[in-house]
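Using my numbering, you'd call the opening residue of the sequence shown number 5 and step up by one each time.
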Amino acid sequence: MPIGNIRTLDQVEVHGKTVLLRVDLNSPVDPETKRVTDDTRIALSAPTVRELAERQAKVVVLAHQGDPVDFQNFLPLAQHARLLAQQVGRPVAFVEDVVGPTALERVAALSAGEILLLDNVRNHTEETVLFEKAVTLTFEQQAQTTVVRKLAPLAELYVNDAFACVHRSQPTLCGFPVVLPSACGRLFERELSALSKVRERPDRPCLFILGGAKIMDAFTLLGPVLERGTADKVLTQGLVGQIVLKAAGKELGEANDAFFQRKGLDEFVPAAGALLAKFGERLIFPVDVAVNGDEEGRMTAQVDDIPTDAPIMDLGPQTIEQYCAEIESAGTVFMNGPAGVYEDEAFAEGTRRIWKGVGKSSAFTVIGGGDTIQAAKRFGVHGDMGLVSSGGGALILYMAGVHLPVLEALGRPAPTG
5 MPIGNIRTLD QVEVHGKTVL LRVDLNSPVD PETKRVTDDT RIALSAPTVR ELAERQAKVV
65 VLAHQGDPVD FQNFLPLAQH ARLLAQQVGR PVAFVEDVVG PTALERVAAL SAGEILLLDN
125 VRNHTEETVL FEKAVTLTFE QQAQTTVVRK LAPLAELYVN DAFACVHRSQ PTLCGFPVVL
185 PSACGRLFER ELSALSKVRE RPDRPCLFIL GGAKIMDAFT LLGPVLERGT ADKVLTQGLV
245 GQIVLKAAGK ELGEANDAFF QRKGLDEFVP AAGALLAKFG ERLIFPVDVA VNGDEEGRMT
305 AQVDDIPTDA PIMDLGPQTI EQYCAEIESA GTVFMNGPAG VYEDEAFAEG TRRIWKGVGK
365 SSAFTVIGGG DTIQAAKRFG VHGDMGLVSS GGGALILYMA GVHLPVLEAL GRPAPTG
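Printed below as a string of structure tokens:
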């Protein structure tokens, strides 16, 4: 079944066809050896690659590696090809080229069932975020870039399985659907189907748990999910919870105030105050916290009596119990961001208990974001979630209802002629 106006692999014939498959293989690497340290995204991409090869497509894989902001880890994809081959269970050829003569010859020579990974598309200026932001191109203009003009004539179908890139507007993501019939891959299909249900028609009560240190992500989500009624309640924790506490008039003490000033967090307090004024009963903040009492170690403090010199590090026991009770009765749980500084075992209790509660919940559960997923893995509940989203920023923006270029591009009518 299509998802809205986006076709899936069930609606396309691939036998004997050359398929351009855009995936997200972007992985963390060791800063010294430059070797991939976590192949999760490679493993997530493998099922679509395998299916296309088993259905006798000629599979040309396009992918990127590296940070688009600071331009770190823009590496060749040779090791990604080896790791992908292990996950797919079939040979994956690699060419250190994208649109040069060698790459084009290798694409043209592919046989049915073979897989070829081209090199890092972010080595091309056309594909970098700097170019994306500095010179905004329409989809039609993206279709005129070198990567699309060179590769599209050799292919008969474009498949996008890079849900984590759905918020980008770049030629390998939005240019190919202008000139080739397109569909989404299995990972993209699974994430979009699950997230659209949570966003539009969640099982009730629908609970959002927002925490961690990525404040902009949380405040991108808070207003929309409360305004639209997606979230029946939002539980706040981590720095998000502290901002809401401050907006509620609680004194966090000199140590936490100084941290707020250093990190520029006070700028979010007015927005939190406006949300509290409008959605007070649905926007929940901690009633007690765990602070670092230096020699005393972990200490519990009520939010009306936080020691002036003690940094807030975790949720307190009353809040943990309250939040776990909310989770137990929920029909849907969306979680982004840990409860505290869980890397320090003395302050891991809140994150551990919340994550364990979500893991054993009968609700449909969604988690996303690097810190959130790492915490789930640490506490052994990663495999218990309904959906572990591959997206970070993409997940947040989709749930906030922001326009996403890749969804628009894939939803276009198939080109004619």
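Backbone N, C-alpha and C fix where the C-beta goes; we use that ideal spot for every residue, glycine too.
Apart from the five residues just before and just after residue i, which ones in its own chain have a Cβ nearer than 6 Å to its Cβ?
| i | result |
| --- | --- |
| Ala413 | Phe143, Cys178, Pro181 |
| Ala213 | It should be pointed out that residue 213 corresponds to Ile in this sequence rather than to Ala. Leu239, Met339, listed in sequence order. |
| Val96 | Ala85, Leu88, Ala89, Ile119, Leu121 |
| Asp221 | Ile400 |
| Gln445 | Here the chain has residues from 5 to 421 only, and residue 445 is not among them. |
Can you tell me whether DSSP reads residue i as helix, strand or coil?
| i | result |
| --- | --- |
| Ile324 | helix |
| Lys62 | strand |
| Phe212 | strand |
| Phe143 | helix |
| Asp261 | helix |
| Tyr346 | coil |
| Thr234 | coil |
| Ile7 | strand |
| Asn77 | coil |
| Met389 | coil |
| Leu1 | Given a span of 5 to 421 for the chain in the structure shown, any question on residue 1 remains unanswerable. |
| Ser200 | helix |
| Asn124 | coil |
| Asp375 | helix |
| Leu24 | strand |
| Gln91 | helix |
| Ala383 | The sequence given here has Phe at residue 383, not Ala. Correct three-state label for Phe383: coil. |
| Thr129 | helix |
What do you reckon, are the CB atoms on residue i and residue j nearer than 8 Å?
| i | j | result |
| --- | --- | --- |
| Val103 | Val151 | yes |
| Gly268 | Gly245 | no |
| Lys254 | Asp292 | no |
| Ile10 | Gly415 | yes |
| Gly341 | Lys218 | yes |
| Leu191 | Ser394 | yes |
| Phe263 | Phe223 | no |
| Ala334 | Ala367 | yes |
| Val370 | Ala166 | no |
| Glu55 | Leu13 | yes |
| Gly242 | Gly344 | yes |
| Glu330 | Ser365 | no |
Measuring alpha carbon to alpha carbon, tell me which of the options ends up nearest residue i.
| i | options | result |
| --- | --- | --- |
| Gly374 | Pro409, Phe98, Ala159, Thr44 | Thr44 |
| Pro185 | Val92, Glu160, Pro206, Leu279 | Glu160 |
| Glu258 | Pro315, Asp101, Phe283 | Pro315 |
| Gly1 | Phe338, Pro311, Pro105, Ala113 | One cannot answer for residue 1 here, as it falls past the ends of the chain, which runs 5 to 421. |
| Thr62 | Leu29, Leu122, Thr52, Ala116 | Reading the sequence as shown, one finds Lys at residue 62 and not Thr. Here the closest residue by C-alpha is Ala116. |
| Gly189 | Pro417, Pro419, Val410 | Val410 |
| Met389 | Arg86, Leu408, Thr336 | Thr336 |
| Cys169 | Leu29, Val40, Leu199, Asp101 | Leu29 |
| Asp313 | Asp261, Val385, Arg110 | Asp261 |
| Pro290 | Val392, Ile247, Arg172, Asp165 | Ile247 |
| Tyr402 | His171, Phe223, Pro35 | His171 |
| Arg302 | Leu279, Glu349, Pro51 | Glu349 |
| Ala294 | Ala367, Tyr346, Ala85, Ala50 | Tyr346 |
| Leu108 | Arg205, Ala305, Leu155 | Leu155 |
| Leu121 | Thr106, Thr355, Val392 | Thr106 |
| Gly93 | Asp101, Gln69, Ser49, Glu100 | Ser49 |
| Leu81 | Arg54, Lys38, Gln15, Glu353 | Lys38 |
| Asn124 | Phe98, Leu141, Val23, Gln146 | Phe98 |
| Lys360 | Ala112, Ala235, Gly384 | Gly384 |
| Arg382 | Glu300, Leu79, Glu353, Leu408 | Glu353 |
| Ser173 | Leu158, Gly277, Thr149 | Thr149 |
| Thr52 | Leu25, Thr41, Glu330, Lys21 | Leu25 |
| Thr129 | His68, Glu58, Ala276 | His68 |
Which word fits residue i, buried or exposed, when buried means at least 16 other C-beta atoms lie within 10 angstroms of its C-beta?
| i | result |
| --- | --- |
| Asp318 | buried |
| Thr132 | buried |
| Pro419 | exposed |
| Val139 | exposed |
| Arg208 | exposed |
| His19 | exposed |
| Pro35 | exposed |
| Gln15 | exposed |
| Ala112 | exposed |
| Pro206 | buried |
| Pro175 | buried |
| Thr4 | No information on residue 4 is available, as it lies outside the stretch 5 to 421 that the chain covers here. |
| Thr41 | exposed |
| Arg266 | exposed |
Here's a check: name, in chain order, each residue in its chain whose Cβ is nearer than 8 Å to the Cβ of residue i, leaving out the five neighbours to either side.
| i | result |
| --- | --- |
| Leu230 | Val238, Leu279, Lys282, Phe283, Arg286, Leu287 |
| Gly405 | Arg203, Pro228, Arg232 |
| His386 | Ile377, Ala380, Val392 |
| Ile7 | Cys188, Glu193, Leu196, Ser197, Ser200 |
| Cys328 | Arg357, Ile358, Gly361 |
When you measure from the CB of residue i to every non-hydrogen atom of the ligand FMN, does any distance come out below 7 Å?
| i | result |
| --- | --- |
| Arg382 | Ligands are entirely absent from the displayed structure, and the ligand FMN is therefore not among its contents. |
Less than 7 Å between C-beta atoms, sequence neighbours within five positions excluded: which residues of the same chain meet that for residue i?
| i | result |
| --- | --- |
| Asp71 | Asn77 |
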